[in-house]
Amino acid sequence: MAEKSLLDAGLCIIQNAVPADAIAVAAAQAKLVTAEVMAALSDRGVDPNSGHEFVYSEVASRCRGRIDVRHRFDQEPFASLGKEGGWMHVVKEVLGGDCRMQYAGLVLSLPGSDDQGWHTDGEHLFPGLDQHTPPHAVTVFVPLVDLSSENGTPEFFLGSHVEKNAAALTEGTETDPPCSFDMKAGTVLVFDYRLVHRGTANKTGVGAIVARTNTDDDEEREDPIPKKKVKLDADGDDGDSDGGGVERALGDTNAKQDAVGRPLLYFVYSKTWWTDTRNFNTHEHLFNGKE
Ligand SMILES: O=C(O)CCC(=O)C(=O)O
Numbered sequence: 031m032a033e034k035s036l037l038d039a040g041l042c043i044i045q046n047a048v049p050a051d052a053i054a055v056a057a058a059q060a061k062l063v064t065a066e067v068m069a070a071l072s073d074r075g076v077d078p079n080s081g082h083e084f085v086y087s088e089v090a091s092r093c094r095g096r097i098d099v100r101h102r103f104d105q106e107p108f109a110s111l112g113k114e115g116g117w118m119h120v121v122k123e124v125l126g127g128d129c130r131m132q133y134a135g136l137v138l139s140l141p142g143s144d145d146q147g148w149h150t151d152g153e154h155l156f157p158g159l160d161q162h163t164p165p166h167a168v169t170v171f172v173p174l175v176d177l178s179s180e181n182g183t184p185e186f187f188l189g190s191h192v193e194k195n196a197a198a199l200t201e202g203t204e205t206d207p208p209c210s211f212d213m214k215a216g217t218v219l220v221f222d223y224r225l226v227h228r229g230t231a232n233k234t235g236v237g238a239i240v241a242r243t244n245t246d247d248d249e250e251r252e253d254p255i256p257k258k259k260v261k262l263d264a265d266g267d268d269g270d271s272d273g274g275g276v277e278r279a280l281g282d283t284n285a286k287q288d289a290v291g292r293p294l295l296y297f298v299y300s301k302t303w304w305t306d307t308r309n310f311n312t313h314e315h316l317f318n319g320k321e
């Protein structure tokens, strides 16, 4: 079912793919990694909110207020998630049991970020071919907080992994609007590398974002994302099998979003014989020593 959706629409959703406790651990580590990267960017006078593009081997800008972090992703808990995440059965079904992980990272959308430009994560293998080819690579999005139109759900043009459909988009003859999904943390999206998509603005706040560690004062801070009724997922399930465990585990994470933005892990897998040479094509390091 999920595999068919991935092949036909270019995307599938897997409910509760990551348990609440694993999300909480990943969110805590993401916060540490992010603080380290933000501090190093600040030392270099780089402001992710300025809209100026930058690319280091550990972090790159994606648009104003949106950064793509690849620092410490060979370490736990990300290394294990990349190998054993609750999406691997779908990925292996589509790419083969011998598929390999290309890379993993975190897209952080800071409060007040812009909508991202429409893009694909990679090209068609044989552009202009008459026939549609099966996926050679997929991306898995793993939100570490609940996603909503407030903090920015990614948007997708379903079917645009097929070249002629993507061409219709470019030519303006595509009529179906893009779709997005309000998702709980722990529910993941797997999509074809060629699917046209973008991140959307994080409207949860504006102003300067300062990387900081938790203090006792944090307990008294107002939650910048008021708790509201969770919207249903694509299939009408609210995605919470344990009656609120995800929300409990993430209460603290959500409360700190003003400091760390909206964190979204991603993992990219491919057929064994393919390598991504397009993304993060730089040798300039943010940190003095190599990772
Ligand atoms: O931030 C998001 O929601 C999506 C980011 C994305 O698609 C990208 O950086 O390629």
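The opening residue of the sequence shown carries number 31 in the numbering used here; numbering runs sequentially from there.
Cβ coordinates follow ideal geometry from the N, Cα and C atoms, glycine included.
Per DSSP, residue i forms a beta bridge with which residues?
i, result
"R100", "Answer is none; R100 lacks a bridge partner."
"T169", "F221, V298"
"Y133", "V298"
"R308", "For R308, which the question treats as bridged, DSSP gives no partner whatsoever."
"L138", "I97, P293"
"S210", "E185"
"V85", "A90"
"H149", "H227"
Is it buried or exposed for residue i, if we count other Cβ within 10 angstroms and need 16 for buried?
i, result
"P173", "buried"
"H101", "buried"
"C129", "buried"
"S80", "exposed"
"E193", "buried"
"K34", "exposed"
"A50", "buried"
"G147", "exposed"
"A70", "buried"
"S300", "buried"
"A197", "exposed"
"H191", "buried"
"H313", "exposed"
"D38", "exposed"
"G229", "buried"
"W117", "buried"
"T217", "buried"
What are the boundary residues of the alpha helix (DSSP H) that residue i is part of?
i, result
"F221", "Run containing F221: none in the alpha helix (DSSP H); it sits in the beta strand (DSSP E), 218-222."
"S35", "32-38"
"L71", "50-73"
Alpha carbon to alpha carbon, how far is residue j from residue i? Give it in angstroms, no decimals.
i, j, result
"M31", "L219", "14 Å"
"F84", "V137", "14 Å"
"N232", "R292", "7 Å"
"H162", "A54", "39 Å"
"C19", "T183", "The shown model of the chain, from 31 to 321, leaves out residue 19, and the question about it has no answer."
"F221", "G40", "6 Å"
"H227", "E204", "14 Å"
"E123", "F171", "18 Å"
"D212", "V175", "11 Å"
"Q125", "Y133", "Residue identity check: residue 125 is Leu in the sequence provided, not Gln. When rounded, the distance between both Cα atoms is 16 Å."
"V63", "G115", "20 Å"
"I44", "A215", "11 Å"
"F156", "D73", "43 Å"
"N309", "N195", "24 Å"
"G189", "D306", "22 Å"
"P107", "A52", "8 Å"
"E180", "H149", "22 Å"
"L316", "D160", "43 Å"
"Y296", "T169", "7 Å"
"C42", "L225", "12 Å"
"A65", "Q59", "10 Å"
"T234", "N46", "25 Å"
"E153", "A167", "10 Å"
"V48", "V121", "15 Å"
"P207", "D144", "20 Å"
"E185", "S178", "11 Å"
"V67", "T302", "31 Å"
"F109", "W304", "According to the sequence provided, residue 109 is Ala. The question's Phe does not apply to it. Their backbone Cα atoms lie some 20 Å apart in a straight line."
Between which two residues does the beta strand (DSSP E) holding residue i run?
i, result
"S91", "89-93"
"L188", "Careful: L188 lies outside any beta strand (DSSP E) and carries neither H nor E."
"L111", "Looking at the DSSP string, L111 is not in any beta strand (DSSP E); the run it does join, the alpha helix (DSSP H), is 108-114."
"L41", "41-44"
Mapping DSSP to helix, strand and coil, what is residue i?
i, result
"E123", "helix"
"S143", "coil"
"N318", "coil"
"S179", "coil"
"L199", "helix"
"E193", "helix"
Between residue i and chain D, is the shortest Cβ-Cβ distance under 8 Å, so that the two count as touching?
i, result
"E106", "Given the protein chain composition of this structure (a single chain), no chain D is represented."
Cβ-heavy atom distance between residue i and ligand 3 below 7 Å?
i, result
"L294", "Ligand 3 is absent from the structure shown, which contains only ligand 1."
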